[in-house]
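Here's the structure we're looking at; comments come further down.
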Amino acid sequence: MEGRGAVQTYQLLIGGRWVDAASGRTFEDVNPTTGEVLATVAEADGEDVNRAVAAAHAAFEQGPWGRMSGGERGRILLRIADLLDREADAIARLESQDNGRPIRETSAQSAIVSRWYRYFAGWADKIEGETIPVEGSFLNYTLRVPLGVIGQITPWNHPLLIATKKIAPALAAGNTIVLKPSELAPLSVLKFGRICQEAGLPEGVLNIVPGFGPTAGQALCGHPEVVKIDVTGSTATGQAVSRLAAGSLKQVSCELGGKAPNIVFPDADLEIAVSGALFAGFIAQGQTCIQGGAPLRAHDDP
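In terms of numbering that gives the first Met the number 0, the sequence shown opens at residue 0 and continues consecutively.
If you want it as structure tokens, here you go:
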């Protein structure tokens, strides 16, 4: 990242280094509240995704990450958590500028993001297989191993929180990552890349390639060395990702948009129920993965 007056310039994170896009292209990241350009961001395309996947694959197969114990991975995740706590206020301000959400909402999220890294840090050395009884003088057992390179695609409405829910468990399990954040709000995720570097995450374990769906996203979903795609987005996005991933039989996890009903039982405090329904329906202007729909009155009889 380089300063340019009030406008910042952000690069791609590939193989532990901050680099320009191979094409040299950038895109403008606009503050939706003011309409002003907040930053210029390097625009990843297929060539950049190829470089990022190669770096992630090398980190998995040849780097220290693949040989690191679960306990060592956990200690790095704990350092990430500590740094996230230190930077919580700065992350909240950055996200509020980047996606237009009120600072009270982004502050509430940035204050809890570190919890995921602490939780999964505890799991990193507890991933176990099973010993399975069989007839005869045989030992039959299972061993859980990392998948490899995971492609992750995240949205603009909760930029770092949703990315964290994907990143933390993938790292705890020993995988490496190529992450494409939303082009509408990539800045807190790019800042997180610097936090990971400061925490001692080895080069190439986390690669961040902001770009657009038809270019960077498509290249990531179709890359033969990416073994799993994890996406949060619209139903149409999930369908497109699944079609692209099917060509190489990748594992796919989709969290797609939709409304969730609020069920109000007969013994509920209606004032609290209405307040909760309003909050669920209109937080982030309703643009959230668990947006609450209209309350449904539950009756005594099924």
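Every residue gets a Cβ at the ideal spot worked out from N, C-alpha and C, and that includes glycine.
Integer-rounded CB distance, given that residue j should sit under 8 Å from residue i
i      : j      : result
Thr175 : Ala279 : No, Thr175 and Ala279 are not in contact; Cβ-Cβ is about 36 Å, not under 8 Å.
Ala276 : Gly291 : 6 Å
Val208 : Leu83  : No, Val208 and Leu83 are not in contact; Cβ-Cβ is about 21 Å, not under 8 Å.
Gly99  : Pro31  : 4 Å
Leu37  : Asp47  : 22 Å between Cβ atoms; not a contact.
Trp122 : Ala198 : Contact flag wrong, Cβ pair sits at about 17 Å.
Pro145 : Gly128 : Not really, about 13 Å apart at Cβ, beyond 8 Å.
Phe161 : Thr234 : Contrary to the premise, residue 161 reads as Ile rather than Phe in this sequence. 16 Å between Cβ atoms; not a contact.
Ala215 : Ala43  : 4 Å
Ala218 : Glu94  : With 8 Å as the limit, Ala218 and Glu94 do not qualify as a contact, their Cβ atoms being about 26 Å apart.
Ser252 : Pro223 : So it is not a contact: roughly 19 Å between Cβ atoms.
Residue i - partner residues in DSSP beta bridges
i      : result
Gly291 : Ala259
Leu205 : Ile176
Thr231 : Glu254
Val225 : Val148
Tyr140 : Thr130
Residue i in three-state terms, based on DSSP
i      : result
Asn174 : coil
Ile152 : strand
Gln250 : strand
Gly243 : Note that residue 243 is Leu in the sequence shown, not Gly. Leu243: helix per DSSP, three-state reduction.
Gly14  : coil
Thr8   : strand
Asp28  : strand
Thr130 : strand
Glu1   : Only weak support is given to the placement of Glu1: the predicted model assigns it a pLDDT of 44, under 50, and the question is left unresolved by the model.
Gly121 : helix
Gly147 : coil
Gly210 : strand
Gln284 : helix
Ile271 : helix
Gly237 : helix
Asp19  : coil
Phe278 : helix
Gly69  : helix
Pro168 : helix
Pro158 : helix
Asp81  : helix
Asp266 : coil
Residue i, enclosing alpha helix (DSSP H) - first and last residue
i      : result
Asn49  : Gly45 to Glu60
Gln217 : Gln217 to Gly221
Pro63  : Pro63 to Arg66
Asn98  : Ala87 to Asn98
Phe191 : Leu186 to Ala198
Glu182 : Unbroken run through Glu182: none, as it is neither H nor E.
Thr33  : From DSSP, Thr33 is part of no alpha helix (DSSP H); its letter is neither H nor E.
Ala107 : Ile102 to Ser109
Opening and closing residue of the beta strand (DSSP E) in which residue i lies
i     : result
Ala41 : Val36 to Ala41
Short CB-CB distance (under 7 Å) between residue i and chain C
i     : result
Met67 : Absent from the structure: chain C. Only one protein chain is present.
Practice task
Pair every Cβ in the stretch 112-123 with every Cβ in the stretch 237-248, then say whether three or more of these pairs are closer than 8 Å.
Solution key: Proximity of the stretch 112-123 to the stretch 237-248 falls short of the contact definition, fewer than three beta-carbon pairs being nearer than 8 Å.
Practice task
Please determine if the stretch 176-186 and the stretch 67-80 are in contact, where contact requires at least 3 C-beta pairs separated by less than 8 Å.
Solution key: Touching, no.
Exercise for the section: Evaluate contact between the stretch 57-76 and the stretch 92-106, counting only Cβ atoms and requiring at least three cross-stretch pairs below 8 Å. Expected result: With a cut-off of 8 Å, the stretch 92-106 and the stretch 57-76 do not count as touching, because too few Cβ pairs lie within range.
Practice task
For the stretch 130-138 and the stretch 199-208, state whether three or more C-beta atom pairs, one from each stretch, are separated by less than 8 Å.
Solution key: Flag = no, the stretch 130-138 and the stretch 199-208 do not touch.
Exercise for the section: Kindly confirm or deny that the stretch 65-74 and the stretch 4-23 touch, where touching means at least three C-beta pairs closer than 8 Å. Expected result: Segments in contact, no.
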